[in-house]
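Asks: Residue numbers (this note's numbering), protein chains in the order written: chain A, 13 to 378; chain B, 13 to 378; chain C, 13 to 378; chain D, 13 to 378. C-beta atoms are modelled at their ideal positions from N, C-alpha and C, and glycine is treated no differently. None of these values were measured; they are calculated from a predicted model. Can you keep this structure in mind? I'll have questions shortly.
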């Protein structure tokens, strides 16, 4: 199927391969009148850009985005917004070797199984460069959210065994360290851990956490289009994600109702909140007005330079050593991708919610 | 939005409330010629039917399904299949009290926030009875999968702190104990744990695991429609699910590439398999031919008879004691719901895959 | 594909066959808070009910609709609305003969070609009874439109060579004659024409016209989701429709720009209208604030009692005489179906339009 | 809504404005392994390219297409195919004047009504240049159809009062005359008629006809996704189309059943065909194996150089004379657009049909 589109009303369609001419995205369904420049988008693309620290691939790409349509005199027109980033540092020769075998932990084998052959250069469509389109589209979603008073904060919660200390949480710190952790001390330890893995020609996994503030209550739907279900799909559609949990997540399995239930409470104005937030801000598929909190488990980069066993296309067992340019840790660069996917899911739900009551229509079309 | 439909080609649309006249589902896009009777569907409905053990709600419903359309002379016709289950033991009076306040851990508050009012009887649309439609639709999906050689096995992996011992795994055992565990010994311990919680007027959570065998490689898509992303959405759209993970799941965060990568290996016929299955059967969003393994975290039943604090519609803080008929543990009855949702996601992906290559079309329309 | 669903936000899914147990529809995405009773829906179903004049099939069905879900205390809840009509006068024996051959002008042959076999009783899924679901769903859409100040008027414009005289147009007259024409004199002539065709064991076609008043400007989209494109699909999805045109329709082919262009004009308050309406109320896919006018061409009932040539399933050329109960003219009963499909397309477009500008979102989520 | 996407499995998303940097399309869901070069696509783009005769706008664009993704070593990979055409001869200054008023017959007014403002340069998104994306996407659909033995032929049937003589039909002739008529004599007369309109500073409408040969029976669906309904939507989504009809179309209104029904007949091998084709190749929404024939009514170009009355944004009545570069007749350049949209609708239906029977699945996944 045409699996490159995400969203119902606010829709993005990404395209492009790691070593093709360019990568890009069409954002369709963006409301008209939103102020938008390339700088707005570049800000987020820079957060995932490679080559920014010794923990990311040395591939040099400035990842400059160009707006090709849908914006006129600085504002969105309601027409599809086409965004493009040219691939400049493609070095396909690095990859000619992998054409003949299947890298463990990669999609090489499954691509061949599905399509009969593949664009093997740099992972082709399954390259992390595909996420450029997500981040560029997400940047626009984030601008829409901002104008609705909604703020998303995503960061590295853990790398390998090193977790942040929630008491040291400092949002300002996030982009001040190469681990994108909101805790400078933990970030240092994480750097040391990643360095160790690099030295061992190995790689590390981690956990990304995302908090969404300012959500009105009632966003999302009660059955298949639960807000948490759409967040789960959005986040699990990112290459290296192996798990998704909201609120207390897997811990609920050992909890009990009397603990896990969040008591409602009203202040003297009758304003309703919850005393705790085990639910993570969503009840019955709809936002409850609390902060939404979810986490994603990110696997270790499959590209490691250690010798690995695998099979070639001829069906022979072989040993390989992967060359090319790779990240020893995916987690930091994936932070903005998680944030982007969350923004896209939330914007779509906000839009769908605008027709939830007949009064909304009669007020609009009085 | 119309959030009651799941699937792209093989689509189900569920409807109905806990204390309305009936609940049901329309299955649209089922291939013609599939042999189908009400017995095929009833078999799975019986697995989620209430009142089967002391650990489930005493509400008495036989949950008899009736086929209203789409089947002719014992076979599906390709037209929508309408399935209905009448609500017989609705006791709305039990619920008149809850009209006025918001039960912790339930969707009462978010329904009011979204829609302005709600059908409060028995949780209305957010009742577990909504899953009857999923299971009835899933039963048909399971028949389609069977005819393609695919087998799904779901079961309770853990209840509270009690986990199965994978070495004692016995598929036959699953429906022989009220915990739906594939390990009789663990099931006994789990029963004891749940009994304890019941005694404490409390409830327990747990973990459901699902294994999909016989999957061909290449099913699913590489970007937004990753098979794992659709499984995540399918499973997280079930009421009590707070987390989803595939393969090693959250454990990958502390693993490293050299361990987490599954080496490919070929036998003497050139048939390719993986030596391990940390990935859980999906690479790059497409099945890799291994068993697919995922888990869902299920929260403790929010309806507990203990006194709880909450807020009424007037915005006053009050203490409540929930009456009505409830399950002290959702997990066992949710097993077949998880299995059904998995089946629906897989069938849809199998169908979409049939147009992945131009050869498939030219062979079909030679 | 699951081809039984229409709409994006306001969605209907119809099900049921002519001689099955029942027919029905799920309306999903209806806003909460709309006052709705079975009487509201029955009103429109009665307009398509058979057996009301000598020009319709003598099959006796009261077509009583029952609401099974989605309405609580007289108002829609935002959950799917399940509507059912039981088939009471099914006489399948009338149809056993047609199991073996392909009726000209019917879908018998194409059903077998697609699905390998068919529910042949009364045309199965392709029976006019399928439109019960459309009309029941359309009734709800019409209520939504009413609350937004939009009025739809559909009627028979022509039967065979007999057309209404636009100068005699009288909306009140429409349901006062069995032809559903807004011109009593033309209706008399049309009756005479249909009687003649009945006498000749033949049938007649006609044209249905539809006018939509009170449309705000700007509804619909500029590219693939043009309002006229969605109206065209909605209307051409009705069984007997062979053509669709909007405004001057096919006449534009012989017109010229200086005539076909509608001049804009402003009154002293700066309120903009068009001096003429050749466009039929839509420009560039979006409503222009004028009345929307479209027409549908309806083919003659294919079931005629005259001897016809055809082929049986064994591939032999045979002569047949169709028995069973049939309408000599489909047009009048299709009027409410056209109106329903128009209402569904318009409601969906109104809802989608509510997110067209960023101001709409910021005002809503201030 | 995101209204720039067409199709379910084989999906195109177009983007771009008349005077923006470029226009383009993403084709997603194209099967892997299809041989594809830029030349394949350019062939069709050249048929709609401006500046080829005195009857088209003098705007000079070579409309060279570039493939940016989804093709590797000359074959489609199954990943989205991004196609771009740069706008080279944009002369926005021609259009600065129209920023302030609403051109009759154009979308200027409705764009402002919907979005609050518009990219007025050359009609912005509603320019005929938007159809470049449709034709580029359609070119790929046509290649897929070719490989399935399906051939589409579209041409000008009438311009103003000048119709082709069906007895002189010559497919080879179509692109040999600037009117794209399959009848050289009619084309000459049409040229004379258009010249006359040009001399009068006026424009002409016409009719495009499309024939689809080699269709297997059973393609399409019986209810809302009827093949004719999707063709209607596909074709009516083209800017200037005001009507769509299939087979005998509007003529059925004055026909009768005994004439309009197409008798089935079998040859000595039991192969079934129809003796006539009043139905236009579709019965009950599914192809019947005959040639599919439909027609589209195209309105006269709204841009005429004659003085016209309209309103400016301040709400004053004014007289205008439209400058810029325009076609006196849209019909010939729209021929390939109609053909492209037909191809897209057909490919999608072919793909969806591959899962219509359970045998198809079991054979595929034996």
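In angstroms, rounded to a whole number, what distance separates the CA positions of residue 5 of chain B and residue 49 of chain B?
Replies: An answer regarding residue 5 of chain B cannot be provided, because it is not within the stretch 13 to 378 covered by chain B.
Asks: Among B:377, B:209, B:338 and B:226, whose alpha-carbon lies nearest the alpha-carbon of residue 362 of chain B?
Replies: Nearest option by C-alpha distance: B:226.
Asks: Since I believe residue 110 of chain B is in contact with residue 132 of chain B (beta carbons under 8 Å), could you give me their beta-carbon distance rounded to a whole number of angstroms?
Replies: So it is a contact: roughly 5 Å between Cβ atoms.
Asks: Give me the chain D residues within the contact set of residue 161 of chain B, using Cβ-Cβ distance strictly less than 7 Å, ordered along the chain.
Replies: In chain order: 377.
Asks: For residue 280 of chain C, does the count of other Cβ atoms within 10 angstroms reach 16, so buried, or fall short, so exposed?
Replies: Counting Cβ neighbours within 10 Å, residue 280 of chain C comes out exposed, since fewer than 16 surround it.
Asks: Does any CB atom of chain D fall closer than 9 Å to the CB of residue 34 of chain A?
Replies: Taking Cβ atoms only, chain D reaches closer than 9 Å to residue 34 of chain A, which makes this a yes.
Asks: Determine whether the beta carbon atoms of residue 80 of chain A and residue 147 of chain A lie at a separation below 9 Å.
Replies: No, they are not a contact pair.
Asks: Got a sec? Which residues, its chain only, sit under 7 Å from residue 232 of chain B by beta carbon, not counting five neighbours each side?
Replies: Closer than 7 Å at Cβ, skipping near neighbours: 238, 239, 294, 297, 298, 299 and 361.
Asks: Residue 306 of chain C bridges to which residues according to DSSP?
Replies: Residue 306 of chain C pairs with C:222 and C:258.
Asks: Relative to the C-alpha of residue 222 of chain A, which candidate in A:306, A:327 and A:122 has its C-alpha closest?
Replies: Checking every option, the nearest Cα to that of residue 222 of chain A belongs to A:306.
Asks: According to DSSP, what are the bridge partners of residue 331 of chain D?
Replies: According to DSSP, which records beta bridges pairwise, residue 331 of chain D is partnered with D:321.
Asks: Expressed to the nearest angstrom, what Euclidean distance is found between the alpha-carbon atoms of residue 375 of chain B and residue 28 of chain A?
Replies: Between residue 375 of chain B and residue 28 of chain A, the C-alpha separation is close to 29 Å.
Asks: At a Cβ threshold of 9 Å, is residue 263 of chain B touching chain A?
Replies: Cβ-Cβ to chain A under 9 Å: yes for residue 263 of chain B.
Asks: So the candidates are D:265, D:258, D:303 and D:251; which of them puts its Cα closest to the Cα of residue 137 of chain D?
Replies: Here the closest residue by C-alpha is D:251.
Asks: State the CB to CB distance for the pair residue 34 of chain B and residue 96 of chain B, rounded to an integer number of angstroms; the pair is presumed to be in contact (CB under 8 Å).
Replies: Residue 34 of chain B to residue 96 of chain B, Cβ: 5 Å. Contact.
Asks: Flag this pair as yes or no: are the beta carbons of residue 258 of chain B and residue 292 of chain B separated by less than 9 Å?
Replies: Going by C-beta atoms, residue 258 of chain B is nearer than 9 Å to residue 292 of chain B.
Asks: At 7 Å on the CB atoms, spell out the chain A contacts of residue 296 of chain C, in chain order.
Replies: Result: empty, since nearest Cβ-Cβ is about 12 Å, beyond 7 Å.
Asks: Let me see if you follow: with CB-CB separation under 9 Å, is residue 122 of chain A close to chain D or not?
Replies: It does not: the Cβ of residue 122 of chain A has no partner Cβ on chain D nearer than 9 Å.
Asks: Please name the residue in A:168, A:46, A:108 and A:156 whose C-alpha comes closest to that of residue 357 of chain A.
Replies: Out of A:168, A:46, A:108 and A:156, A:156 has the C-alpha closest to the C-alpha of residue 357 of chain A.
Asks: Per DSSP, residue 88 of chain A is paired with what?
Replies: DSSP, once it has assigned bridges, lists A:83 as partnering residue 88 of chain A.
Asks: Decide if the region 13–22 of chain C is in contact with the region 39–48 of chain C; the criterion is three or more beta carbon pairs, one per stretch, under 8 Å apart.
Replies: A contact exists between the region 13–22 of chain C and the region 39–48 of chain C.
Asks: What do you get for residue 66 of chain D, buried or exposed, if any count of 16 or more other CB atoms within 10 angstroms of its CB means buried?
Replies: Exposed, since its Cβ has fewer than 16 Cβ neighbours within 10 Å.
Asks: What is the DSSP secondary structure of residue 35 of chain B, counted as helix, strand or coil?
Replies: Correct three-state label for residue 35 of chain B: strand.
Asks: What does the Cβ neighbour count give for residue 108 of chain D, buried or exposed, with the cut at 16 atoms within 10 Å?
Replies: By the neighbour-count rule (16 or more Cβ atoms within 10 Å), residue 108 of chain D is not buried but exposed.
Asks: Need the endpoints of the alpha helix (DSSP H) that residue 207 of chain A sits in, please.
Replies: Note, residue 207 of chain A: alpha helix (DSSP H), 196–211.
Asks: At a Cβ cut of 8 Å, what residues of the region 40–68 of chain C count as close to chain D, listed as they run along the chain?
Replies: Here the close residues number zero.
Asks: Roughly how many whole angstroms lie between the Cα atoms of residue 167 of chain D and residue 130 of chain B?
Replies: About 57 Å.
Asks: Just to confirm, is the Cβ distance from residue 114 of chain A to residue 325 of chain A under 9 Å?
Replies: Against a cut-off of 9 Å, the Cβ pair of residue 325 of chain A and residue 114 of chain A comes out as a contact.
Asks: With a threshold of 8 Å, establish whether the CB of residue 51 of chain C neighbours any heavy atom of the ligand ZN.
Replies: Among the components modelled here there is no ligand, and therefore nothing to report on the ligand ZN.
Asks: Name the chain C residues whose beta carbon is nearer than 7 Å to that of residue 322 of chain D?
Replies: Going along chain C in sequence order, the residues near residue 322 of chain D (Cβ under 7 Å) are 275 and 276.
Asks: Run down chain B in chain order and give the residues with a C-beta less than 9 Å from the C-beta of residue 29 of chain C.
Replies: Per Cβ cutoff of 9 Å: 81, 82, 84, 89 and 91.
Asks: Have a look at B:344, B:271 and B:187 and flag the residue whose alpha-carbon is nearest the alpha-carbon of residue 215 of chain A.
Replies: With distances taken between Cα atoms, residue 215 of chain A lies closest to B:271.
Asks: Mapping the DSSP letters down to three states, classify residue 375 of chain C as helix, strand or coil.
Replies: In this structure, residue 375 of chain C counts as helix in the three-state DSSP scheme.
Asks: Pick out whichever of B:266, B:51, B:260 and B:255 has its Cα sitting closest to the Cα of residue 262 of chain A.
Replies: Cα-wise, what sits closest to residue 262 of chain A is B:255.
Asks: Looking only at its own chain, which residues have a Cβ that is under 8 Å from the Cβ of residue 116 of chain A, when we skip the five neighbours before and after it?
Replies: So the qualifying residues of the chain are 314, 320, 321 and 322.
Asks: Mind checking if residue 37 of chain B is an interface residue toward chain D, Cβ cutoff 9 Å exclusive?
Replies: Output row for residue 37 of chain B: interface = no.
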